[in-house]
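See below for the structure under consideration.
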Amino acid sequence: MTRTVCVNGDYLPEGEAKVSVFDRGFLMADAVYEVTSVLDGRLIDFDGHMRRLERSLAELEMTCPMSATELLTMHRELVRLNRIDQGMIYLQVTRGNPGDRSFLFPDASLPGTVVAFTQDIPNLADAPAAKTGFKVITIPDLRWARVDIKTVQLLYPSMGKMAAKQAGVDDSWFTDAAGAVTEGTSNNAYIVKGNRIITRALGTDILHGITRAAVLRFAAEAQFEIEERAFTPAEAQGADEAFSTAASIFVMPVVEVDGKPVGTGKPGPVATRLREIYLDEMRKAAI
Ligand code: PLP
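The opening residue of the sequence shown carries number 3 in the working numbering; numbering runs sequentially from there.
Below is the structure:
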């Protein structure tokens, strides 16, 4: 089945979809994005993703030519046309096509470009990796200083993923100049000590994960203590458990950091339970 994608409101076979070479998303990475997961053909935490999209756009003085209601309709239409039961919808909004290359922002009246496509992942909720957990290495965080804005500048995270692959592991966690973990290449990072869940506080140095917000809410409801502070790779190696969260992996146990096992070296009870709660609750609330 040919995938149908959406470009500026037009639904097209993926081979016919086109964006200008002058589009600022292409030339300047002048674009923001969201990834919403789909379970049972319904959208997980769509409102959360739309709120963060609005924040990213506002931080960059960008506007989206489509309203939140139109974006919801588009997401649902892509799920329907591509018959997605489990998977993801990628949405990107760029500052548009000014017709030439220039560092200056074009006039605010120029409409942005809106592109969206589906990714069909039939075993998203039952990913085999969730049963064995992720192994991670740590590498310096060399991204720009506003990673709280969800831009498409993903070259360094992409290099981080390649470094992990070359090291024979699943992901890289970034460390700041003080040696503390910021977050993963495309996820937020946590450790567990007893009844405490420790994760870096929100700031401009991590993405404000939509999954993070939900997981911390469910963890607090389940009587876990939440400590929002930085931790080092050494502290992670000595923790009972570790895990990462993102829309694409939900709650993913992390069983090894820089070659040393975390806890038993197997997915722990806290990460496993939080994953179950998250999936149950978010499936119930999906739209
Ligand atoms: N941190 C980074 C750098 C990310 O790229 C992502 C997701 O892509 C996350 C955290 C997790 O965010 P969310 O839970 O909203 O998917």
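Yeah, the Cβ is synthetic: ideal placement off N, Cα and C, and Gly gets one too.
Run of the alpha helix (DSSP H) containing residue i, from where it starts to where it stops
i: T71; result: A70 to L83
i: K286; result: P271 to A287
i: T213; result: I212 to E223
i: P130; result: Element bounds for P130: n/a, residue is neither H nor E.
i: P235; result: P235 to Q239
Enclosing beta strand (DSSP E) for residue i [first to last residue]
i: M52; result: That residue, M52, is in no beta strand (DSSP E); its alpha helix (DSSP H) goes F48 to E61.
i: T140; result: F136 to P142
Bridge partner(s) assigned by DSSP for residue i
i: I193; result: I200 and A244
i: G186; result: W175 and N189
i: M90; result: S39 and Q121
i: Y13; result: C8
i: L45; result: V40
i: A33; result: T96
i: E229; result: I200
i: E258; result: K137 and P263
i: F252; result: A248
i: T153; result: V34
i: V116; result: V95
Beta-carbon proximity list for residue i, same chain, < 8 Å, skipping 5 on both sides
i: N84; result: M3, R5, T6, T120 and D122
i: L112; result: R97, G98, N99 and P100
i: I86; result: V40, G43, L80, T120 and D122
i: K20; result: V9
i: G50; result: I212, A215 and A216
Own chain partners of residue i with C-beta closer than 6 Å, once the 5 adjacent residues on each side are dropped
i: G265; result: D242 and E243
i: Y13; result: T6
i: S160; result: none
Chain-order list of residues whose beta-carbon lies under 7 Å from that of residue i (same chain, five-residue window excluded)
i: K195; result: A241 and D242
i: F252; result: T213, R277, Y280 and L281
i: M284; result: I46, D47 and A216
i: E36; result: H51, R54, L55, L93 and K152
i: A222; result: I228
Between the segment 136-146 and the segment 225-232, do at least 3 Cβ pairs fall closer than 8 Å?
no
Pairs of beta-carbons, one from the segment 122-130 and one from the segment 152-169, closer than 8 Å: are there three or more?
no
Taking three-plus beta-carbon pairs below 8 Å as touching, is the segment 103-121 in contact with the segment 203-213?
no
Flag this pair as touching only if the segment 24-37 and the segment 92-104 have three or more C-beta atom pairs under 8 Å; answer yes or no.
yes
Can we say the segment 102-111 touches the segment 141-157, given the rule of at least three CB pairs closer than 8 Å?
no
When you compare the segment 151-165 with the segment 50-67, are there three or more beta-carbon pairs, one atom per stretch, that lie closer than 8 Å?
yes
contact_flag[the segment 171-187, the segment 201-208] where n(CB pairs < 8 Å) is 3 or more
yes
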